[in-house]
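Protein chains in written order, with the numbering used here: chain P, 6 to 315; chain Y, 56 to 360; chain F, -15 to 564; chain Z, 95 to 582. A virtual CB, placed ideally from N, CA and C, is assigned to each residue, including glycine.
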Amino acid sequence: MTQSLMTDTRLPKDTEPYVDDAHRQPARPLRDFLASLLSSKSGLVGAVLLAAIVLITLSADILPIADPQKRSLSTRYLPPVWLERGVIAHPLGTDGQGRDILARIIHGARSSVIVGVSAVLLSGILGLVLGLLAGLRGGVIDLVLMRLVDAILAIPAMLFMLVVALVVGSGIAPLIVVIALTNWVVYTRIVRAEVLRVKDLEFVAAARVSRVRVTTLILRHLLPNILPAVVVVATLNVGTVILTESSLSFLGFGIQPPQISWGQMLADGRQQLATSWWISTFPGIALTMTVFSIILLGDWLRDYLDPRLP
Amino acid sequence: MILTAFGRLLLQAVPVLFTVSLIVFILVFLAGDPTVMMIPDDATEADRLALVAAWGLDQPPHVQYLRYMSNILSGDFGTSYSYGTSALPIVLDRLPATLLLTAAAMVVAIAIAVPAGILAALNRNSAIDLAVSGASVLGKAMPNFWVGIMLILIFGVQLRLLPVSGSGTFAHLILPAVTLGTAFAADLAKLVRASMLETLGQDYIRTAYAKGIPDWIVIGKHALRNAAIPTVTMTSLNVIALLGGALVTETVFAWPGLGQLIVNAIYTKDMAVIQIAVFVITVMTLLVNFGTDIVYRLIDPRIRL
Amino acid sequence: MSTQAIPNSPAGKEPVLRYRNASVVLPRPRGGDLPLIRGVDLDVYRNEIVALVGESGSGKTMTALSTLRLLPQNARFSADEAVLNGHDLRSLNARGWRALRGSHVGIVFQEPLSSLNPVLTIGDQIGEVLYHKRGLSRRQRRAEATDLLARMGLARPAQLLDEYPFQLSGGMRQRVMLAIAMAGEPALLIADEPTTALDNSVQAQVLELIVSTAADTGVGVLMITHDLSVVAQVADRVAVMRHGEMVETGDVREVFRAPKAAYTRHLIDLAPRIPAVVRDPATAQTPPAADAAAGTPLLELRNVTKHYVQPGNFWGSRTTLALDNVSLSLAEGKTLGLVGESGSGKSSLARIIIGLSKPDSGAVLFDGRDLFGPEQARRSDVQIVFQDPLSSLNPRMRIVDIVTEPLGEKQRLTRDQRRHEAETLLETVGLPRHMISRFPHELSGGQRQRVGIARALSVRPRLLICDEPVSALDVSVQAEIIALLQRLREEFRLTTIFIAHGLDSVYAVSDDIVVLEKGRVVEHGHRDTVFGSPQHPYTRKLIDAILDSDPDNSRFKRDKADYPQAARVSTQLEQTSPII
Amino acid sequence: TTAARAAPRSETLIIAQGNDILSLDPANHENNSTESGLINIYDYLVRKEFPNGEMTFVPGLAKSWKSDDLITWEFELRDDVKWHDGTPFTADDVKFTIERVKADQKLLSSAVKFRTVEQVNVLGPHRVQVVTSRRDPLLLHNFVGNGGLILPKHALETPEGAEKFFAKPIGTGPYRFTEWRKGDRLVLERNPEWWEGTPHWESVIVRAIPETTTRVAEALTGGVDIAVNIPPEDITRVEQNPDTGIISFNIARNFALHVRNEDGKVTSDPRVREAIDLAINRKEIAEIVAEGYATPTRGLFPAEIPGNNPDLTAENAFDPERARKLIEEAGVVGAPIKLSTPSGRWTKDREVSEAIVGYLQDAGLDAQIEVQEWSVYNSRRDADTLGELYLWGMGSYTDASVILNLALLRRFNPHWTNEEFVSLSKEIDQAPTEEARQAILRRAQEIITGDRARIGILYPKAIHSVNNRVNFAGRFDEMIPAEQVRRK
Ligand SMILES: Nc1ncnc2c1ncn2[C@@H]1O[C@H](COP(=O)(O)OP(=O)(O)OP(=O)(O)O)[C@@H](O)[C@H]1O
Ligand SMILES: Nc1ncnc2c1ncn2[C@@H]1O[C@H](COP(=O)(O)OP(=O)(O)OP(=O)(O)O)[C@@H](O)[C@H]1O
Ligand SMILES: [Mg+2]
Ligand SMILES: [Mg+2]
């Protein structure tokens, strides 16, 4: 009666979903990536929007637009071209110093996008390293790091802002540093939680049975399974950081002239919201669209990075 | 169990408060001499130095810190440079306004997000779902001050329905609470949708449907309660974020919360006020975490405190 | 084949459930329909237990769920005839379905924990059925629920009402599920794999309860399972499904004696049987005495003790004693079967031998050298195959990298060597070579487990530990994998530790058996000795719980009295016009 | 408290300022809006008024005063004044107030108030004598402005001390303290026993509304009666609103570029400094950036301030050609130059700086703006690390003599010296007549602007929104005493 266990399967096997895997060698990650992107509506919209924004940003200097810093007293408070008094030379109107809104939005995209992306990269990397440390080492290191995280969360970001502005000066780079300094805790928490989750999965145990080096364990087994969650959070975080920059501008701490940022335009233009709405509305729309595209892309990325979804 | 959690809270509080006070001290110290901002324009350098000496700011930093900490241990929380009075009551004065706004914003956020999230989850990929997603992206992408000012222009100036700014009556609370609430509702609605979807796919929901009880009981009792944990988590995170004061919203609506106090204290490098404010925020944060744990336990009997 | 009678059904009576040519189709996102079940004919009569068997994905659950309209969103149901307790299922509207559920048909799902709402009390979960289905008042509900729980054989039923599912053991939970299903006094009870998640001994109790419930109330039972021993033990009739179609229906004895369909025959061949020694200890082989004397064993555990520390209350933490002074030895080339209830410490032992955790005290000697001593033994000589084939493979690595990973980074294989090695390994475990570039999720469960075995074999280990390597798999796949392991054991001259729930398979593959109870070794000896004449009551209990796949040898005898037609007057259900 | 809260809106005056009261202690703040709130609670010994645009002192708690030698001053006090708790006001209170400021180093006014006072002698219950260390023609200036409001000795000299007192302070002023909701509002109620008669309003509320847009919105909707600092672009909106109007008036403030002239800076060359002066089109800035709500000037003190130099006008101050030529002569075409500025500290400060940068670029310099948050700006100024030029809006002075305060000069122009200027600062104390004193001050302004250590740009005007139900003309010292705001 133990025979049954020894018998080989006699029935024909189910037909395989993949008859031949030849087409999969070599793997075509780029093609898969694009195919997935193209087949997702939200992903596609997000990608196209974002690509357009980045493209415009990069080509700000060669586009046939006005000089964003050129003040002209004769053209102050011009409305957008489709309104009465609007002129074609300033399609989205001008601000109180006669500067072209469109040109400023296009040039301002650069600092907004740079701040968003670099602050997220910087804090992401910092948070990743510290999160890995806390999650893998545990014990005292974990305890200390997590208390530090609690502490950072309680300390107002403005304090960091002020100190960095005093010690290093103001500008884009210090702004990025400050945002990163307060933002890393987000990532540390996620990474730590993910490490704790993944660490106990059986494939990690299997890798340890295989005696892989710690670096291999981290790079090949932990990171690839942690990063998707981090990447998704990061995409959403880019939007948050861009918004943070605008709030800082509102408080007088953001990117300062002569550099242009959307946050600054929004904050400066808010006083004219009732009289010359276009000054802050258009940068607001640009910002909203950017954040929107990033959120859409993030939603798609979440699905794409999940290997179990088709 | 509650005692255990409370004990843990106390154990956590000490190291966190210590870390916080040290970091704040270092930062404020690095921010430089507060007397530069305090002294009148036409005072001399000697006058300024006299002020420095009067506040003991000429001592080496570690001496200042040790003195500060030992004062705290003896119940003296320091004197505000700019107000010239004890820092603690200055901070505590602002707490009610901050707590009120926080609570109201959360009520708004939950009142919007929970029904919207549930509707979206129940009608996945429908027009409702799309509308909720779109609205939540918009809500997330608009800066608070912009929303606030728009609300003032519309409801205050154009329609004259609500007071523009200030505090005191319920009507004053509405616009700032909506400004903050909608921003949080955006995130929250997505989360409610996701956790509802997850919950609705659970076996016990199938069991509930199989019992033949009305749908609203299945959703309202069986699903919602289980989906509530992530919602509670996020709400508590938002509450924590708001405890430090919703600076931008407070400024726009002239709301006398902690945020404005802290920022002004930071501008004037008012060490005692910053320290106490951060202390209070930390303690509140720990209390909120504690409260959250208790709420978890009330929602889900499996959770241990 | 519209309304013709199904052979072997109790003729001349109206069935509780009657399906003719029933099918469920699911529209594919990109057009076209995916049939989930096709042309199913099924009858269930009162006081009758019909078993629905078939491999995973064959449509058993879909069939069951279609009687409650709990199908996936968008799924379409159609049938020539679909009658439940006199109601035409094809023409019910939403309210009609709600009225039908609970009061005409009750269901018990496979996973007793996840099927109960974790945040509501037991009393609440039973009570709401009593309220909505029978309109009982608060006090009546409490009394009735207590009574129900008592009938389900639960001790202290009144207290249970205020407890939560997580406070109950698996068997208790399943009884509660049954109480919920029966609370609305249904005519049809569906039990979807009610015992798969349970321990052998608990399984027997739950089956007993289902059988007696059917006998006591006359409810018709549709029992879904893939375990043929369960079928043999409890069912009156059996229906076999494959690929969404019914391949065979018939009286359980007849089907087991003379299966008609090839597929049924195949299944019955795989059905577990009680080892002969259990029934007749005289057939035991005497263990070869010579073995015991033969040199140093390959693996020897001396007084291994292991505690786990878990965060507990305020000051201290809770410690669990997972292994208590465990000593055992295993000679080269032999297979050791490790059995014991869930939580008895089997996996803990495996993790220590493999080096994933350290014992608190005691020594593990491998080939004479202490694994945790200063001069450590070659660890790659010990490998493991894990229980869950999906979670033990990194979802983001290709098979080629997974199976060659233990070869180590030091060996510096070139890409081609790696590929070659991987292909050879896949061949060894009976997988096509081209699969090396796939990701784990692109493989079936059985294929994944083969990959897990290939990975373990890549370093030519001397000791292979299999920690429940088949419990997550389908019956037929289980058999394949066990056969594979048997073959490889001989081919590679492996010494093996085999951990499994199914005692019949442990018996089949092992030379020696170790029985663990709460971390202690309660019995250790040759398989025939342990199974044939168990010394410890715990061992006896485990062995008694093995079910035999022989309908004539059923332990669940019951009185098959004739029950009158639906005793309760069924409520008139709201209907819409038929949808067909 | 309840009386104030219950006061009908028509009987309540609501004033919206840009920031909260900083302190209820008149000697412990350096803030105009705070002073503006406190003058309703406390009184000055003498008051300053600006009839015909000239500052004059009129009686307050002192009925009269005299000094023959500008060293010994005698004040005759009113005898009908009572503190809000009913205690009579006496000479002791005056002595106490002065000595308190002089004694307590932590009080912010301590550094600048009553510096020359040596003794305060009580000559009778309502007569007090102040003796200064030297001739001080400006002694009366000490009794107006921050630190000058008189405090009650009896209530402050209790064991509980100042902290207790300022939790619910009393004064002699027209309104009694009711409540200070920090960060929100100061609430006052009528003091029916006020010595000058029954005050006009039943209650007065001074609100803090930091966000300009919000302040404007409150003004438009009638939420407040007076809203300070309306941005020029909102003027039309306020004026077109049926319930509100704009008032605008000169104030004691000036915008000037402070120029660093130390070696190594491009501005060490006097030609460059002159070019900067000539490059700026002040009229255009006043017209366009300030929408006409400012007076272009090269001077440092508006006409109302005693000792101002009326010759320093913006007439012919703009000469772009000559500016370009000077830059070329100096050989610094395209040289980088940085103009530091705060943003939002003073009305249109950053916009003014941006405009100046534009003119400097036109003149051939590579000018860049550097905007800094206010507290950073102060620290930078203190650390002497601002740009070659920085914008400063000095204000709230009552006399041009601050220009000759060398300590002050060192804080703002640390590297500039001028022999004549230094000797003038010594002579000023000895000036025999007021006329001679003002001549010295005029000369001092001529020197400092002539050497372009400071380049005057504008005298900004205050722009307030006032509800049509009240009358208020505005004051040069930017105070808004509730008693001077009247219902129509
Ligand atoms: N929600 C769903 N959407 C799409 N297909 C589904 C869904 N649920 C089940 N299926 C498919 O329907 C078929 C029948 O599934 P069913 O659950 O009835 O199988 P089963 O016989 O109960 O298997 P098991 O023994 O694994 O429970 C399977 O191919 C399954 O993949
Ligand atoms: N990492 C751990 N931390 C704390 N306790 C653990 C841990 N792993 C196992 N235990 C506890 O140790 C005991 C033995 O567990 P083990 O996993 O070895 O049992 P098992 O016999 O393999 O059970 P199963 O049949 O369910 O797999 C159990 O009580 C379990 O709860
Ligand atoms: Mg199933
Ligand atoms: Mg186990």
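(request) Hey, could you find the ends of the alpha helix (DSSP H) His248/Z is sitting in? (result) Reading the fourth sequence from its first residue, position 154 is the one you call residue 248/Z. Counting along the chain, the alpha helix (DSSP H) containing His248/Z begins and ends at Lys247 to Leu250.
(message) Can you tell me whether Asp493/Z is buried or exposed? The criterion is at least 16 other CB atoms within 10 Å of its CB, across all chains shown.
(response) The count along the fourth sequence starts at 1 and reaches residue 493/Z at position 399. Asp493/Z is buried by the Cβ-count criterion.
(request) In angstroms with no decimal places, state the Cα-to-Cα distance between Asp319/Z and Val564/Z. (result) One-based indexing of the fourth sequence puts residue 319/Z at position 225. One-based indexing of the fourth sequence puts residue 564/Z at position 470. Cα to Cα, Asp319/Z sits roughly 7 Å from Val564/Z.
(request) Check the C-beta distance from Ala461/Z over to Pro414/Z and give it rounded, since I have them as a contact under 8 Å. (result) Counted from its first residue, the fourth sequence places residue 461/Z at position 367. Counted from its first residue, the fourth sequence places residue 414/Z at position 320. That pair is no contact at about 14 Å.
(message) Just checking: is the beta-carbon of Arg275/P within a distance shorter than 9 Å of some beta-carbon in chain Y?
(response) In the first sequence, counting from the first residue as 1, residue 275/P sits at position 270. Answer yes: the Cβ-Cβ gap between Arg275/P and chain Y drops below 9 Å somewhere.
(message) Assuming contact is defined by CB atoms lying nearer than 9 Å, are Ala6/F and Val24/F in contact in what I supplied?
(response) As a working mapping, residue 6/F is identified with position 22 in the third sequence. As a working mapping, residue 24/F is identified with position 40 in the third sequence. Yes, the Cβ-Cβ distance between Ala6/F and Val24/F is below 9 Å.
(message) For the alpha helix (DSSP H) containing Lys342/F, name the first residue and the last one.
(response) On the third sequence, residue 342/F is found 358 positions in, with the first residue counted as 1. Neither: Lys342/F is in no alpha helix (DSSP H) and is coded neither H nor E.
(message) Please report whether the beta-carbon of Gln361/Y lies at a distance below 9 Å from any beta-carbon of chain P.
(response) Absent from the structure is residue 361/Y, since the part of chain Y shown begins at 56 and ends at 360.
(message) Which residue wins for smallest C-alpha separation from Lys143/Y, given the options Ile317/Y, Leu302/Y and Ala166/Y?
(response) Locating residue 143/Y in the second sequence gives position 88, counting from the first residue. In the sequence under discussion, the amino acid at residue 143/Y is Leu, which differs from the Lys named in the question. If we check each option's Cα against that of Leu143/Y, Ile317/Y comes out closest.
(request) Would you mind telling me which residues of chain P sit closer than 7 Å to Ala86/Y, beta carbon to beta carbon, in chain order? (result) In the second sequence, residue 86/Y corresponds to position 31, counting from 1. Here the neighbours are Leu167, Val168 and Leu171.
(request) Determine which residues share a DSSP beta bridge with Val222/F and list them. (result) Mapped onto the third sequence, residue 222/F falls at position 238. BP columns for Val222/F point to Ala35/F and Gly234/F.
(request) Measure the CB-CB distance between Leu301/P and Gly132/P and report whether it falls below 9 Å. (result) The sequence position of residue 301/P within the first sequence is 296, counting from 1. The sequence position of residue 132/P within the first sequence is 127, counting from 1. No, Cβ-Cβ distance for Leu301/P and Gly132/P is not below 9 Å.
(request) Flag Arg471/F as yes when its Cβ comes closer than 8 Å to any non-hydrogen atom of ligand 6, and as no otherwise. (result) Ligand 6 is not among the ligands present in this structure, which contains only ligand 1, ligand 2, ligand 3 and ligand 4.
(request) Have a look at Phe169/Z and Ile284/P and give me their C-alpha separation to the nearest angstrom. (result) Taking the first residue of the fourth sequence as position 1, residue 169/Z is located at position 75. Taking the first residue of the first sequence as position 1, residue 284/P is located at position 279. Looking at the two C-alpha atoms, the distance is approximately 58 Å.
(request) Please check the pair Leu448/F and Gly414/F, which I expect to be a contact at CB under 8 Å, by giving their CB distance rounded to whole angstroms. (result) Start at 1 with the first residue of the third sequence, and residue 448/F comes out as number 464. Start at 1 with the first residue of the third sequence, and residue 414/F comes out as number 430. Actually they are not in contact, since the Cβ atoms of Leu448/F and Gly414/F sit about 17 Å apart, beyond 8 Å.
(message) Can you give me the C-alpha to C-alpha distance between Ile465/F and Ala114/P, rounded to a whole angstrom?
(response) In the third sequence, counting from the first residue as 1, residue 465/F sits at position 481. In the first sequence, counting from the first residue as 1, residue 114/P sits at position 109. Cα to Cα, Ile465/F sits roughly 59 Å from Ala114/P.
(request) Give the C-beta separation of Pro281/F and Ala315/F to the nearest angstrom, bearing in mind that I take them to be a contact with Cβ-Cβ under 8 Å. (result) If you number the third sequence from 1, residue 281/F lands on position 297. If you number the third sequence from 1, residue 315/F lands on position 331. Confirmed, about 5 Å.
(request) Could you please give the first and the last residue of the uninterrupted alpha helix (DSSP H) stretch that includes Ser196/F? (result) Locating residue 196/F in the third sequence gives position 212, where the first residue counts as 1. Element bounds for Ser196/F: Asn184 to Thr201.
(message) Please state the DSSP three-state secondary structure of Asp176/F.
(response) Within the third sequence, numbered from 1, the residue matching residue 176/F stands at position 192. Asp176/F falls in the strand class under three-state DSSP.
(request) Consult DSSP for Trp177/Z and reduce its assignment to one of helix, strand or coil. (result) If you number the fourth sequence from 1, residue 177/Z lands on position 83. In this structure, Trp177/Z counts as coil in the three-state DSSP scheme.
(message) So if I threshold CB-CB distances at 9 Å, which residues from the stretch 206 to 220 of chain P count as touching chain F?
(response) Leu206, Glu207, Phe208, Val209, Ala210, Ala211, Ala212, Arg213, Val214, Ser215, Arg216, Val217 and Arg218
(request) Within 10 angstroms of the Cβ of Gly300/F, are there 16 or more other Cβ atoms? Answer buried if so, exposed if not. (result) Taking the third sequence and counting its residues from 1, one reaches residue 300/F at position 316. With a pLDDT of 48 at Gly300/F, under the threshold of 50, the predicted position of this residue should be treated as unreliable, though the coordinate-derived value follows. Gly300/F is exposed by the Cβ-count criterion.
(request) Less than 8 Å between the CB atoms is what I'm expecting for Phe240/F and Ala216/F, so what's the real figure, rounded? (result) One-based indexing of the third sequence puts residue 240/F at position 256. One-based indexing of the third sequence puts residue 216/F at position 232. Their Cβ separation, rounded to whole angstroms, is 6 Å, which keeps Phe240/F and Ala216/F in contact under 8 Å.
(message) Using a Cβ-Cβ distance cut-off of 9 Å, determine whether Phe370/F contacts chain P.
(response) Start at 1 with the first residue of the third sequence, and residue 370/F comes out as number 386. By this cut-off, Phe370/F is an interface position.
(request) Apply the 10 Å Cβ neighbour rule to Pro102/Z and answer buried if 16 or more other Cβ atoms are within range, or exposed otherwise. (result) Translated into the one-based positions of the fourth sequence, residue 102/Z becomes position 8. With fewer than 16 Cβ atoms within 10 Å of its Cβ, Pro102/Z is classed as exposed.
(message) Since Arg76/P and Gly48/P should fall inside the 8 Å C-beta cutoff, what is the C-beta to C-beta distance between them, to a whole number of angstroms?
(response) The residue you call residue 76/P lines up with position 71 of the first sequence. The residue you call residue 48/P lines up with position 43 of the first sequence. Arg76/P to Gly48/P, Cβ: 41 Å. No contact.
(message) Quick check on Tyr351/Y: does DSSP put it in helix, strand or coil?
(response) Your numbering for residue 351/Y matches position 296 in the second sequence. Tyr351/Y falls in the helix class under three-state DSSP.
(request) Please report how far the alpha carbon of Gln276/P lies from the alpha carbon of Val303/Y, in whole angstroms. (result) As a working mapping, residue 276/P is identified with position 271 in the first sequence. As a working mapping, residue 303/Y is identified with position 248 in the second sequence. Their backbone Cα atoms lie some 15 Å apart in a straight line.
(request) Could you say which of Trp295/Z, Glu528/Z, Ala261/Z and Ala429/Z lies nearest to Lys582/Z if we only look at CA atoms? (result) By 1-based counting over the fourth sequence, the position of residue 582/Z is 488. Comparing Cα-Cα distances from Lys582/Z to each of Trp295/Z, Glu528/Z, Ala261/Z and Ala429/Z, the minimum goes to Trp295/Z.
(message) Taking the beta carbon of His558/Z as the centre, do at least 16 other beta carbons fall within 10 Å, making it buried, or is it exposed?
(response) Here residue 558/Z is taken as the residue at index 464 of the fourth sequence, counted from 1. With 16 or more other Cβ atoms within 10 Å, it is buried.
(message) Strictly below 7 Å CB to CB, what residues from chain C border Asp493/Z?
(response) No chain C is part of this structure, whose protein chains are labelled P, Y, F and Z.
(request) Kindly provide the ranges of any alpha helix (DSSP H) runs that are 4 or more residues long and lie completely inside the stretch 306 to 361 of chain Z, ordered along the chain. (result) 306 to 314 and 329 to 334
(message) Short of 6 Å in beta carbon distance, which residues of its chain neighbour Arg90/P, apart from the five on each side in sequence? Order them along the chain.
(response) In the first sequence, residue 90/P corresponds to position 85, counting from 1. Counting only Cβ-Cβ distances below 6 Å, and skipping sequence neighbours, we find Pro84.
(request) Go ahead and label Gly155/F buried or exposed: buried means 16 or more other beta carbons lie within 10 angstroms of its beta carbon, across all protein chains shown. (result) Counting from 1 along the third sequence, the entry for residue 155/F is found at position 171. Its Cβ being crowded by 16 or more others within 10 Å, Gly155/F is buried.
(request) Measuring alpha carbon to alpha carbon, tell me which of Asp97/Y, Ala164/Y and Thr74/Y ends up nearest Tyr120/Y. (result) Along the second sequence, read from residue 1 onward, the residue named residue 120/Y stands at position 65. For the residues Asp97/Y, Ala164/Y and Thr74/Y, the minimum Cα distance to Tyr120/Y belongs to Thr74/Y.
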